[in-house]
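The listed protein sequences correspond, in order, to chains A and E.
Sequential numbering from 1 applies to the first sequence in this note's numbering.
Sequential numbering from 354 applies to the second sequence in this note's numbering.
For every residue, glycine included, the Cβ atom is placed at its ideal position computed from N, Cα and C.
There are 2 protein chains.
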Amino acid sequence: MTEPKTQGPAASPETGKKPARNGKANATIYDIAKLAGVNPSTVSRALSKPGRVSAKTQKLIEDAAAQLNYQVNPFARALPTGRTNTFGLIVADITNPTFFDIIRGAQITGTRRDYTLVLAESAESAVTELTAARRMMTTVDGLILASPRMDDDDIRALARDKPVVVINREVEDVPCVIPDVRKGIGEAVRSLAGNGHKKLAFVAGPARSWMSARRWEGAQAACEWSHLEAVRVESSKPTVDGGRQVARDVLATGATAVLTYNDLLAIGLMQELQAGGMAVPDQISIVGFDDIFGADFTTPPLTTVRSPLGECGAGAATRLLDLLQGSGEPAGTLRVETELVLRGSSGRVFPAG
Amino acid sequence: MTEPKTQGPAASPETGKKPARNGKANATIYDIAKLAGVNPSTVSRALSKPGRVSAKTQKLIEDAAAQLNYQVNPFARALPTGRTNTFGLIVADITNPTFFDIIRGAQITGTRRDYTLVLAESAESAVTELTAARRMMTTVDGLILASPRMDDDDIRALARDKPVVVINREVEDVPCVIPDVRKGIGEAVRSLAGNGHKKLAFVAGPARSWMSARRWEGAQAACEWSHLEAVRVESSKPTVDGGRQVARDVLATGATAVLTYNDLLAIGLMQELQAGGMAVPDQISIVGFDDIFGADFTTPPLTTVRSPLGECGAGAATRLLDLLQGSGEPAGTLRVETELVLRGSSGRVFPAG
DNA sequence: CAGCATTTGTCAACCGGTTGCCAAAACTTG
DNA sequence: CAAGTTTTGGCAACCGGTTGACAAATGCTG
């Protein structure tokens, strides 16, 4: 009776009544209970509550569970408890490399703590984002919003329902993870100043982007400190293409150094300037932002202010999971440091020609 | 009585007994039933089975549902039915840009058909992969494996349980989506031959990679056809770094053209060769594979054989969802076309010097 | 308008766990 | 060894939907 018969719990000849699993049906705590000669509730306790049953019974049940190759049914568990061991991550654009490290960071942290990641994309739309968030809310234990586009109030409304952590934006009363741009920008501007630059052009990102505003502020502050003149140039969109389009405006400013809202803009800008015959960094220095994948593929490789995206994702996940598991502060902002990554696209200013 | 009072169904003063939702608890079909004056099961039918209840009752129930802001509880639904409207995607490495587009393609297709994507990573390990797959199996309706590392048999075992679709590998009896490399490689080799190249070095990928084998076969066949000599060079790992390391071996072959297993290898190789003073493409032509994000950031931009990764992801998701919804063939392989993307890193062979 | 077929709604069981409450069992202690 | 305390396991209700079986209501036919 004790041999692990492979036929298991579903030995009935009638081919599976409800669950169309043609092979073996998954074992339930009832099967275990029968096999171990105890009550199902005891099995439930043995498997979830630590030390609620005697060591003897515990062993008995664990063996039976192992023998039947038992795995809890997450839905059955979720129904009465509301806990799903799942958390959501909503990003604006899956193909934007900025988010990839965030996704990875969150994914890894989640897996390590036995949580599953559910991913959704908002396609850069505030409406889609809110819809996705609402949909997810019923399914997950908590939510991470990376660079959300929706209103602060909507975010707070979601946060009232279940734990929410925001990345790359500061929302009052909601825990946030944001890169502190000051250090990185400071380093970048000091480096440029040290190389003799007098005027810096900042290529801004989307008008509604919270992060773009912070970066512009940071650039202004750092320039004041280092006695550089800072001018702002608007871009149509924060992509490689947007960077190409903005080249003309950048040149018009007469600046010898450029700091862009993100790396894609920097790459596009550099491509366009080089195509126009300008030498980087000899005639103009370019500094990007984020240090995305591929930032070092360019010639010269891109100098950039690194945003620790992976850390943001991991930090947000840690924060969220702490919240879910009862530890950790309810709100407050986690700041992660940015730093200058000095590569080839920035350097000494040369006399024209 | 008919006004939509915002206090909703949970007006009881005792602060939430089980569901810790401090605000309003979610409405259930029982609430709807009470409000509409029908039986809960009627509500269930009205909301899922089309035309099982009279138009009159239908309307009544829908109004009540709207009024209560009802949303089904996915777990409660999943428990008896087994359906979750969810599918899993397992990739070897989240940070590998090859998978970016696959993830996106699958995500978008899924969302469009009202399915949610659950993402997991195997960290390039066959064991982790199988574990993740097994875990997921209990939660999702079906699974997509992108470039799986596990054994064919393990994959088939999973496929016996629930629908599985494989990307970038062919597994018998399991539906697969694979890029057909012949066309793209053919175009690449013809282009090189047309530019006067006589000898092509192929930089191979991981020894166990199914795809690497296909690409090498394709290169050999195309070279034979175009009267080029093909030589194979092994790489330590399919990354930028691996590409740098293999530069010496590539030069040793004396080939004037190189085709690499993937773009990362090509980029690393190009960086190393350029650092050593070689001109690309004047002294050596380099062609990558996949056309990943960033392949055009290099100088010169990388010529590459594009693998329609997004299409693969979308195709796999479509396939899987068709399977889940009853339409579509049970197995068989979907082939997507590859094509040459001619950029600056390949061209005419010049006399040495 | 009786007799029959069809539509529509209800009842009740079920999916697979969790948990409050209680009694039996085991362990202390005087 | 009796009385009191602590463990331990069992009972049963519950989470929120789905669905087969059945009866009531409705429609159709002669």
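Problem - Spatial neighbours of E/N438 in its chain, beta-carbon cut-off 6 Å, leaving aside the 5 residues before and after - result: Closer than 6 Å at the Cβ level, and outside the excluded window around E/N438, lie Y468.
Exercise for the section: Indicate whether A/D263 and A/D241 have their beta-carbon atoms separated by less than 9 Å. Expected result: Contact: no.
Handout entry: Contact set between E/V471 and chain A, taken where Cβ atoms lie within less than 9 Å
Key = Under the 9 Å cutoff, chain A gives T86, T116, L117, V118 and L119.
Exercise for the section: Note down, in chain order, all residues in the segment 488-505 of chain E with a beta-carbon under 7 Å from any beta-carbon belonging to chain A. Expected result: Answer set for the segment 488-505 of chain E: T491 and T492.
Exercise for the section: Return yes when the C-beta of A/A123 is under 8 Å from any heavy atom of the ligand SAM, and no when it is not. Expected result: As for the ligand SAM, it is missing from this structure, which has no ligand bound.
Exercise for the section: Use the C-beta contact count for E/D635: other C-beta atoms within 10 angstroms, 16 or more gives buried, fewer gives exposed. Expected result: Exposed, because fewer than 16 other Cβ atoms sit within 10 Å of the Cβ of E/D635.
Practice task
Taking A/E124 as the reference, give the member of A/P80, A/V91 and A/A55 with the closest Cα.
Solution key: With respect to the C-alpha of A/E124, the residue from A/P80, A/V91 and A/A55 having the closest C-alpha is A/V91.
Practice task
Take the Cβ of E/D384 as the centre, count every other Cβ of all protein chains shown within 10 Å, and call the residue buried at 16 or more, exposed below.
Solution key: Under this definition E/D384 is a buried residue.
Practice task
Return yes when the Cβ of A/I286 is within less than 9 Å of the Cβ of A/V258, no when it is not.
Solution key: It is a contact, given that the beta carbons lie within the stated cut-off.
Practice task
Anything in chain E within Cβ reach of A/A78, meaning under 7 Å, just list it in chain order.
Solution key: The contacting residues are F428.
Problem - Proximal residues to A/A46 (C-beta, below 6 Å), its chain only, five neighbours per side dropped - result: Beyond the five residues adjoining it in sequence on each side, A/A46 comes within less than 6 Å, by CB distance, of V53, Q58 and I61 in the same chain, given in chain order.
Problem - Cβ of E/Q420 within 9 Å of any chain A Cβ - result: No, E/Q420 lies away from the interface with chain A (no Cβ there is under 9 Å from its Cβ).
Handout entry: As assigned by DSSP and simplified to three states, the class of A/L342
Key = Here A/L342 carries a coil assignment [DSSP, helix/strand/coil].
Handout entry: Test: A/I267 CB closer than 9 Å to a CB of chain E
Key = Residue-level contact check: A/I267 touches chain E, since one or more beta carbons of chain E fall below 9 Å from its beta carbon.
Practice task
Taking 8 Å as the threshold, find out whether the segment 680-694 of chain E comes into contact with the segment 525-534 of chain E through three or more Cβ pairs.
Solution key: Because the criterion of three Cβ pairs below 8 Å is met, the segment 680-694 of chain E and the segment 525-534 of chain E touch.
Exercise for the section: Check whether the Cβ atoms of A/E229 and A/A255 lie closer than 9 Å to each other. Expected result: Yes. Within cutoff.
Exercise for the section: Return the CA-CA distance between A/S236 and A/F202, expressed in angstroms with no decimal places. Expected result: Spanning the alpha carbons of A/S236 and A/F202 requires a straight line of approximately 14 Å.
Problem - Where E/E525 sits in the DSSP three-state scheme - result: E/E525: coil per DSSP, three-state reduction.
Handout entry: 9 Å Cβ cutoff met for E/S698 and E/T651
Key = Yes; because the gap between Cβ atoms is below 9 Å, this pair is in contact.
Handout entry: Test: A/R104 CB closer than 9 Å to a CB of chain E
Key = The beta carbon of A/R104 sits closer than 9 Å to some beta carbon of chain E.
Problem - Sub-9 Å separation of A/L117 and E/L676 beta-carbons - result: Going by C-beta atoms, A/L117 is not nearer than 9 Å to E/L676.
Exercise for the section: Would you mind sorting A/V73 into buried or exposed? The rule is 16 or more other CB atoms within 10 Å of its CB. Expected result: A quick correction: the sequence has Asn, not Val, at residue 73 of chain A. Result: buried.
Exercise for the section: Could you name the residues that DSSP lists as bridge partners for A/L89? Expected result: DSSP output for A/L89 lists A/L119 and A/I144 as bridge partner(s).
Problem - Alpha-carbon spacing of A/R232 relative to A/G243, whole angstroms - result: Spanning the two alpha carbons is a distance of roughly 14 Å.
Problem - Where A/N39 falls, given that 16 or more other Cβ within 10 Å makes a residue buried - result: Result: exposed.
Problem - Member of A/T109, A/L89 and A/L68 whose CA lies at the smallest distance from the CA of A/L145 - result: The residue from A/T109, A/L89 and A/L68 with its alpha-carbon nearest to that of A/L145 is A/L89.
Exercise for the section: Please list the residues of the segment 640-665 of chain E that have a C-beta atom closer than 7 Å to any C-beta atom in chain A, keeping them in chain order. Expected result: Answer in chain order: F646, G647, F650, T651 and T652.
Handout entry: CB contact check: A/F202 to chain E, cutoff 9 Å
Key = Chain E, which has no Cβ nearer than 9 Å to the Cβ of A/F202, makes this no.
Problem - Own chain partners of E/T656 with C-beta closer than 6 Å, once the 5 adjacent residues on each side are dropped - result: Spatial neighbours of E/T656 in its own chain (CB-CB distance under 6 Å, excluding positions within 5 residues in sequence) are listed in chain order as V640, L695, R696, S698 and S699.
Problem - Where E/Q678 falls, given that 16 or more other Cβ within 10 Å makes a residue buried - result: E/Q678 should be labelled exposed.
Problem - First and last residue of the uninterrupted beta strand (DSSP E) at A/G347 - result: Per DSSP, A/G347 is not a residue of any beta strand (DSSP E), being assigned neither H nor E.
Exercise for the section: Could you tell me whether the Cβ atoms of E/E474 and A/T111 are closer together than 9 Å? Expected result: Cβ atoms of E/E474 and A/T111: closer than 9 Å.
Exercise for the section: Answer with yes or no whether the minimum CB distance from E/N521 to chain A is below 9 Å. Expected result: Not an interface residue.
Handout entry: E/A417 and E/A389 closer than 9 Å at C-beta
Key = The Cβ atoms of E/A417 and E/A389 lie closer than 9 Å to each other.
Practice task
Find out if the Cβ-Cβ distance for the pair A/T95, A/G313 is shorter than 9 Å.
Solution key: Contact: no.
Practice task
Have a look at A/D173 and A/E311 and give me their C-alpha separation to the nearest angstrom.
Solution key: Whole-angstrom Cα-Cα distance: 22 Å.
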